[in-house]
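First the structure, in the form of structure tokens, and then the observations on it.
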Amino acid sequence: MLRSLVVLLFLTLHASGEDLSTLQSVQIFFRHGQRYPSTYVIFPSEDPKMADGKVHGELTTDGMRQEFNLGQNLRETYGEFIGERYNSTELLVMTGFDNRTSASALAMLAALLPPQEDQIFHDRLMWQPIPVHSEPILDMVSFGSFDWCPALVKSVRAMPEFQHMDDNYTKMVSYYEKNGGIKIPDVFVFQKVLDSVKTRSDMQDVLPLPTWANDSTFINHSIEVCEGLHTHFIDLILGSTGAWHFDLIVENIRNRIHSNSLHKTYLFAVHDANIMTMAKYLNLPSDLQTTLCPYAAYIAFEHHNIEGKDVVKVISHMHLNGTRQELAIADCPSPCLFSTFRNLKKKMNTDEFTGTCRGFNEEANVICQEKVTMIAVLLIIVLVLFVAFIGSLFACFWYRARLRQMTDPERRYILQ
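Those letters in the sequence shown? Residues 92 to 507, by this note's numbering.
So, in structure tokens, the structure goes:
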């Protein structure tokens, strides 16, 4: 049995062709599994019964299976680095608020870290609860920002580039409105409608497309337009969303280098738009910048220490049964030193991004102004009291000096 395990480990390492002995930390951003359409599970013109038991945006059973398989894949690749036992001080799992990201993380973890010996709490359940933390900014990418970022969306809506995004698709919009029985007032709704066709085209056995949309040419064109709109919109907000992702990656590596954190493995359950955002911001190979990645794909930022130097590698894995590929990082020649990588682009921390995303509402401004006024009044009062105190102090010293003069025997004799 032991010999078989050794042989299997050798074959796995040999097949991967990768040396992870220098690995210090890894941050893996993986897309959720297959889901139902994000908004329109079916179109208003279809039989409502088709949508029974199918909740928009939720994982399908195939999606859960994809994420479980991804966990097995990550276990084969990083198992020796992560370890067989879950250790909360070394592993951190983050998801967005969307159910499909948190559910994907849980399915992936079930395969990545099954319980070991004393971690088993039920003899019929080879599973253990592993904490999953939520970071809503992970959902604030592409059109997902509409649900969270009023200030950012307001500025984007004012851009001519946004206002004319769907100008070339008026006939297509009319076709969808006529056959789908839905009003499409702007590009935000349009991309949701396109998402329905794109998503359902991969689950025809569960949610077959209506006859008017079930044509390969029409489907491919809808997918192309959908991805084009996302690509264009990501460009409009890249300065903030890209900067936040970059800051997250850099800070996690920095914390590992300076031993500010014991975490060495970061797992982020995200969307296809997150991966495209990072690819665009760091100018990774063009296919990742123009094509939304498939379900359960991931991109890994590996931090290595090679001959005493901290090096960053970016690895893509676009298909569950595919191969891993190291990506070139623009303006950071291989080996990409962390000292160079960290200064490639502007960074934006969470507080800065939140300000850009949400802005300050009028109530907050009023409260802020009231506090400023109160502070100013208090400062004036303190200043007046300070001046009065200094004046009293000088007066005290002056009267004390006069009293000494009056009680001096020699001066008193002269006066007499």
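We treat Cβ as the ideally placed atom computed from N, Cα and C, and that holds for glycine.
{"Check": "Express the C-alpha separation of I390 and S344 in angstroms, rounding to a whole number.", "Outcome": "The question names Ser, but residue 344 in the sequence shown is Ile. So the two alpha carbons sit approximately 16 Å from each other."}
{"Check": "For L474 and Y490, what's the separation of their Cα atoms in angstroms?", "Outcome": "24 Å"}
{"Check": "Here's the rule: buried if 16 or more other CB atoms are within 10 angstroms of the residue's CB, otherwise exposed. What is V478?", "Outcome": "exposed"}
{"Check": "Let's test the definition: count the other Cβ atoms within 10 Å of the Cβ of G154 and tell me whether it reaches 16, buried, or not, exposed.", "Outcome": "buried"}
{"Check": "If we call anything under 8 Å between Cβ atoms a contact, is N365 one with L165?", "Outcome": "no"}
{"Check": "Going by Cα to Cα distance, which pick from P251, W335 and K355 is closest to Y439?", "Outcome": "Reading off the sequence shown, one finds Met at residue 439, where the question assumed Tyr. When each option's Cα is compared against that of M439, the closest is W335."}
{"Check": "DSSP on E453, reduced to helix/strand/coil?", "Outcome": "Residue placement at E453 is flagged as unreliable, the pLDDT there being 49, under the threshold of 50; the coordinate-derived value follows with that caveat. The answer is helix: DSSP assigns E453 an H, G or I state."}
{"Check": "Which partner residues does Q118 have in the DSSP bridge list?", "Outcome": "Y357 and F392"}
{"Check": "Check V278 in the structure and name its three-state DSSP category.", "Outcome": "helix"}
{"Check": "C487: buried (16+ other C-beta within 10 angstroms of its C-beta) or exposed?", "Outcome": "exposed"}
{"Check": "Exposed or buried, what is L476 when buried is set at 16 or more other beta-carbons lying within 10 Å of its beta-carbon?", "Outcome": "exposed"}
{"Check": "I need the straight-line Cα distance from L183 to N190, nearest angstrom please.", "Outcome": "18 Å"}
{"Check": "Below 8 Å, can you find three or more Cβ-Cβ pairs linking the region 292-307 to the region 398-409?", "Outcome": "no"}
{"Check": "In whole angstroms, give me the CA-to-CA distance for T180 and T356.", "Outcome": "10 Å"}
{"Check": "Looking at L114 and H395, is the spacing between their C-beta atoms short of 8 Å?", "Outcome": "yes"}
{"Check": "Given a threshold of 16 other Cβ atoms within 10 Å of its Cβ, counted over all protein chains shown, does D258 qualify as buried or as exposed?", "Outcome": "exposed"}
{"Check": "How far does the beta strand (DSSP E) with Q210 in it reach, from first residue to last?", "Outcome": "From DSSP, Q210 is part of no beta strand (DSSP E); its letter is neither H nor E."}
{"Check": "Please state if the CB of T381 and the CB of T322 are separated by a distance shorter than 8 Å.", "Outcome": "yes"}
{"Check": "Taking the alpha helix (DSSP H) that V403 belongs to, which residues open and close that run?", "Outcome": "Careful: V403 lies outside any alpha helix (DSSP H), inside the beta strand (DSSP E) at K400 to H408."}
{"Check": "Just the Cα atoms here: how many angstroms apart are T192 and L469?", "Outcome": "49 Å"}
{"Check": "Unbroken alpha helix (DSSP H) runs of length 4 or more, entirely within the region 314-349: which are they?", "Outcome": "329-348"}
{"Check": "Check whether the Cβ atoms of L373 and A421 lie closer than 8 Å to each other.", "Outcome": "yes"}
{"Check": "For G333, which of T368, G450 and D363 has the nearest alpha-carbon?", "Outcome": "T368"}
{"Check": "Note down, in chain order, each residue of its chain lying with its Cβ closer than 6 Å to the Cβ of I133, except the 5 sequence neighbours on either side.", "Outcome": "M141 and A142"}
{"Check": "Using 10 angstroms around the beta-carbon of Q157, count the other beta-carbons present and answer buried if the total reaches 16, otherwise exposed.", "Outcome": "buried"}
{"Check": "Which one or two residues does DSSP pair with R126 in a beta bridge?", "Outcome": "L150"}
{"Check": "Comparing alpha-carbon positions, which option in L216, F234, F253 and S195 lies nearest S225?", "Outcome": "S195"}
{"Check": "Taking the alpha carbon of S246 as the point to measure from, which residue in M231, L327 and E318 has its own alpha carbon closest?", "Outcome": "L327"}
{"Check": "State yes or no: is the C-beta of L494 nearer than 7 Å to some heavy atom of the ligand SAH?", "Outcome": "Within the structure as shown, the ligand SAH is missing, as the structure has no ligands at all."}
{"Check": "Kindly indicate which residue of R493, L494, E461 and F444 has the alpha-carbon position closest to the one of S236.", "Outcome": "F444"}
{"Check": "Across which residues does DSSP place Q416 in a beta bridge pair?", "Outcome": "S407"}
{"Check": "With DSSP collapsed to three states, give me the class of T261.", "Outcome": "helix"}
{"Check": "Which residues in the same chain as L285 place their Cβ atom closer than 7 Å to its Cβ, once the five residues preceding and following it in sequence are excluded?", "Outcome": "S313, V316 and C317"}
{"Check": "So, R126 versus E149, is the Cβ gap smaller than 8 Å?", "Outcome": "yes"}
{"Check": "Could you name the residues of the same chain whose beta carbon sits closer than 7 Å to that of P128, not counting the 5 residues immediately before and after it, in chain order?", "Outcome": "H147, D286, S287, T290 and R291"}
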